Amino acid sequence: MTTSATQPRITDVGPPSYDKYLPPMVRKNYGAWKYHETLAPGVLCHVAESGDRLYTVRAATPRLLSIQTLRVYADLADKYCGGYLRFTSRNNIEFMLEDADKIEPLKQELAGLGIPVGGTNNSISNIVHTQGWVHCHSAATDASGLVKAIMDAVCTHFTHEDLPAKLRIAVACCLNMCGAVHCSDIAILGVHRRPPKIKHDVLARVCELPTLIASCPTGAIRPATVDGKQSVQVVEEQCMYCGNCFSVCPAMPMSDAENDGLSIWVGGKVSNARSAPRFSRLVIPFLPNHTPRWPEVVEAVLKIVNVYKDDARKYERVGEWIDRIGWPRFFELTGFEFTRYHIDDFKHAGLSFARSAHVRY
Amino acid sequence: MAEATNGKPGTEGKPATRLLDELEKGPWPSFVTEIKSASRTSNSARDLLGQLELSYEDRLSHWKHGGLVGVLGYGSGVIGRYSDVGEQFPNVASFHTLRVNQPAAWFYSSEALRTICDIWEEHGSGLTNMHGSTGDMILLGTTTDQLEPAFQKLTHAGFDLGGSGSAVRTPSCCVGMARCEWACFDAMKLCYDLTMAYQDEMHRPALPYKFKIKCAACPNDCVAAIARADLSVIGTWKDDLQVDHEEVANYAASGMDIRKDVCDHCPTKCMEWDGQKLSVQARDCVRCMHCINVMPKALRPGKEKGAVILIGAKAPILQGALLSSVLIPFVPADEILDTLKELIQRIWDFWDEYGTNRERIGEMIQRVGMAAFLDGIGLDPAPEMVSAPRDNPYIYYQAEKEDES
């Protein structure tokens, strides 16, 4: 399509200015907020130096949104918020109100639309996640379905602030981790468990061999001639199924319905509060892709949440709780099996070995 | 397992979605319901539903690997996607996605949101992600011929594409000064200014690999800058945190156990509560935010605000996941933009010279060594950069430098 005479083609305009869509009260008190209070789960009140009070109602979204639903959000913004709204870094939607009397009517209207309100403070917020089978070629699982199944099961922890501290869940469909699952209280990570199935007949035509060979973190990919064609071979015992070769070469597909599935990791965080940010650690090496609702995964998440809720002290994030009780007790309380897969054997593995005589019995 | 439907049309031309229908049950809003909503007016959304049902039966993705598509003059911002079952689902045979720069901290007017909806109703599937993991608004699924008209409508509406491939990715930020009393710098403005400064580097990939920038206005880090950004800007303050003793007393009077809930959780034990007064050894404070989070009316960040600049976070591929680590311990708030622009240029010059293809900045630093990297970008080493000095004696002594001293 060419540009019309009245509409010249323009590029590199960048996003709207950072202050273009700020609600009036936000604009007025920008940089001059004094403190905030929580009025109810999902309902915050920010108080400005000027004395202005801004009420925020935080609600769930499935992240994958139709324009029909976005228009409903826009209508709600017009009706309650002077025509403005925002989304959060965890895919929630926030309605900001100047009038406290509108909080309850908005909450009731959201309830009528089947939209839970919550996700603040010591609750489970929405799940950060990736595309999965909806739009990704390398996914070992679907993200949206897992999120739906898990959030259905823990929804009361979204709508109630009933946990020792905030609990953040993330889902990523493969080791590329488009969602930052590696620093979450509970991380669900899609994994492959078999080496790539090499398409020797097309490989040299569709892939750049040096790039492909260099893509392997363990050097498992070697040049080879197969049936007279230039190709590669994979030293299978060196392959840890990361899928990076497939990222650079479509002739190295990883997907395998029987062997793809999920792993579960816990104890990561990004906030600096109390303890330093840290990675999540492996607790379940593999669970199957039982569509459409992944019952084993949901059960494992519920187990972790329930044990944490019962055993952790106030303000302890999952990782901080495990710091106190120790990993042996975590495995004992959850009933998850500790296996050889839990012991790191990649680079710097020794850093995670128990290098002291501090043992809890 | 029950009889497979293979996503074939059921009644009234709609695909039979026996498995996906299960994901419309329960209290959480359903993405399946969203795809069905879009299906009412969009053939591609309907075929997406069919293909996704097939994926739920096969437990495999039915998207092919990549595909180079884009808009004129840009090398990024469009994710090419082709179906491997395009004959069965012709309306998603090609189903490309546009990454669109979000407004800072994801603020929208209802008018802007409706404009986006109208553009995507006309030129795409009617499905979106609000938002993608990096922060972009994701317009999910269209055909190659619709990319250019959609793009032109977007730019005329004041929106532009984000990054993909070996480019600067769309910077993102927390809500910052717009609605947070803890903001130590103007994260939204910084995010916008950086996005505008690097339009070319975002739209025309010319770096060794992706480069992500995230701006979190305080150490609570609501955008996971330390875990997800090659360059992480995290707000902090240099002077003492501010204490309103009257409000501390009010928290105590309202039943808060100040010693247990606040002091005992302080990582450096810099606070004491004698039942009357909170005393703070401010020099020991590491600005973790716990006490401020617990008593927002009584405690606030100090007045000398700024940010700590960290470098190198990434997910596991290739050599293992990394968190960002400290590069500049403190930059005053009004100097952050200029400092970053100069710093980023020096980082990119070094990365361009020494980075290998598809090597993130964090992995390059692991390979060449942080000290060599600091030499390369002209920064002096500082003790804030390490959790502790090295514990091995394998030191690359530099003869000339030792001779000089």
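If you read the sequences in order, they're chains A and B. Using the working numbering, the first residue of the first sequence is number 1357, and each one after it goes up by one. Using the working numbering, the first residue of the second sequence is number 3, and each one after it goes up by one. Cβ atoms here follow ideal geometry from the backbone N, Cα and C, with glycine treated the same way. Since the structure is predicted, the reported quantities are computational estimates derived from the model, not experimental observations.
- The beta-carbon separation of Ala-180(B) and Leu-1400(A), rounded to 13 Å, does not stay under the 8 Å limit for a contact.
- Under the three-state reduction of DSSP, Cys-1595(A) is assigned to coil, being neither helix nor strand.
- The closest CA to that of Ile-349(B), considering only Leu-209(B), Arg-42(B), Lys-305(B) and Lys-316(B), is found on Leu-209(B).
- Thr-172(B) and Gly-137(B) do touch by the CB rule: their CB atoms are close to 5 Å apart, below 8 Å.
- Fully contained in the stretch 1620-1697 of chain A are the following alpha helix (DSSP H) runs of length 4 or more, in chain order: 1651-1667, 1674-1681 and 1683-1690.
- Of Lys-1703(A), Phe-1686(A) and Asp-1701(A), the smallest CA-CA separation from Arg-1716(A) is found for Phe-1686(A).
- When rounded, the separation of the alpha-carbon atoms in Ile-1554(A) and Cys-176(B) is 43 Å.
- Around the beta-carbon of Glu-337(B), fewer than 16 other beta-carbon atoms lie within 10 Å, marking it exposed.
- Interface residue (Cβ-Cβ distance to chain B less than 8 Å): Lys-1555(A) is not classified as such.
- With a threshold of 8 Å between beta carbons, Asp-351(B) makes no contact with chain A.
- Looking only at Thr-1425(A), Ser-1445(A), Lys-1376(A) and His-1714(A), the smallest Cα-Cα distance to Arg-1414(A) is reached by Ser-1445(A).
- Here DSSP, grouped into helix, strand and coil, assigns Thr-1425(A) to helix.
- Look at Glu-89(B) here: in three-state DSSP terms it is coil, with no helix or strand label.
- About 5 Å separates the Cβ atoms of Ala-300(B) and Asp-246(B), confirming a contact at the 8 Å cut-off.
- Within chain B, Ala-317, Pro-318 and Ile-319 have C-beta atoms less than 9 Å from the C-beta of Leu-1531(A), given in sequence order.
- The continuous beta strand (DSSP E) containing Ala-1415(A) extends over residues 1409-1415.
- Interface criterion met: the Cβ of Ala-114(B) is under 8 Å from a Cβ in chain A.
- The distance from the Cβ of Cys-1529(A) to that of Thr-1497(A) is about 5 Å, consistent with a contact at the 8 Å cut-off.
- Apart from the 5 residues on each side of it in sequence, Gln-1594(A) sits with its Cβ closer than 6 Å to the Cβ of Thr-1574 and Ala-1576 in its chain, given in chain order.
- If you ignore the 5 residues before and after Ala-1668(A), its C-beta comes within less than 6 Å of the C-beta of Pro-1520 and Trp-1677, all in its own chain and listed in chain order.
- About 6 Å separates the CB atoms of Ala-309(B) and Thr-238(B); that is less than 8 Å, so the two are in contact.
- Thr-1512(A) sits exposed, since fewer than 16 C-beta atoms from the chains shown fall within 10 Å of its C-beta.
- The beta-carbon distance between Ala-1505(A) and Val-1654(A), rounded to whole angstroms, is 5 Å. This is short enough to meet the 8 Å contact definition.
- For Glu-1614(A), the secondary structure class from DSSP, reduced to helix, strand or coil, is coil.
- Shortest Cα-Cα distance from Leu-54(B) to any of Val-87(B), Thr-117(B), Cys-119(B) and Trp-184(B) involves Val-87(B).
- Residue contact with chain A for Ala-284(B): absent (no Cβ-Cβ distance below 8 Å to any residue of chain A).
- Taking a beta-carbon distance threshold of 8 Å, Ile-1620(A) does not count as an interface residue toward chain B.
- Listed in chain order, the beta strand (DSSP E) elements of length 3 or more contained wholly in the stretch 1428-1502 of chain A are 1440-1443 and 1449-1453.
- Residue range 1577-1582 is occupied by the beta strand (DSSP E) that includes Thr-1581(A).
- Under the 10 Å beta carbon count, Ala-1570(A) is surrounded by 16 or more other beta carbons and is classified as buried.
- In this structure, Pro-1371(A) and Tyr-194(B) form a Cβ contact; the two beta carbons are roughly 7 Å apart against a cut-off of 8 Å.
- Contacts between Val-1369(A) and chain B, judged by CB atoms closer than 7 Å, involve Thr-157, Gly-160 and Asp-162 in chain order.
- Annotated as proximal: Ser-78(B) and Met-204(B), with beta-carbon spacing under 8 Å.
- When only Cα atoms are considered, Gln-278(B) and Ala-1404(A) end up about 28 Å apart.
- In the DSSP secondary-structure assignment, Glu-1517(A) is not bridged to any residue.
- Closest by C-alpha distance to Asn-1447(A), out of Thr-1567(A), Tyr-1440(A), Arg-1419(A) and Ile-1542(A), is Arg-1419(A).
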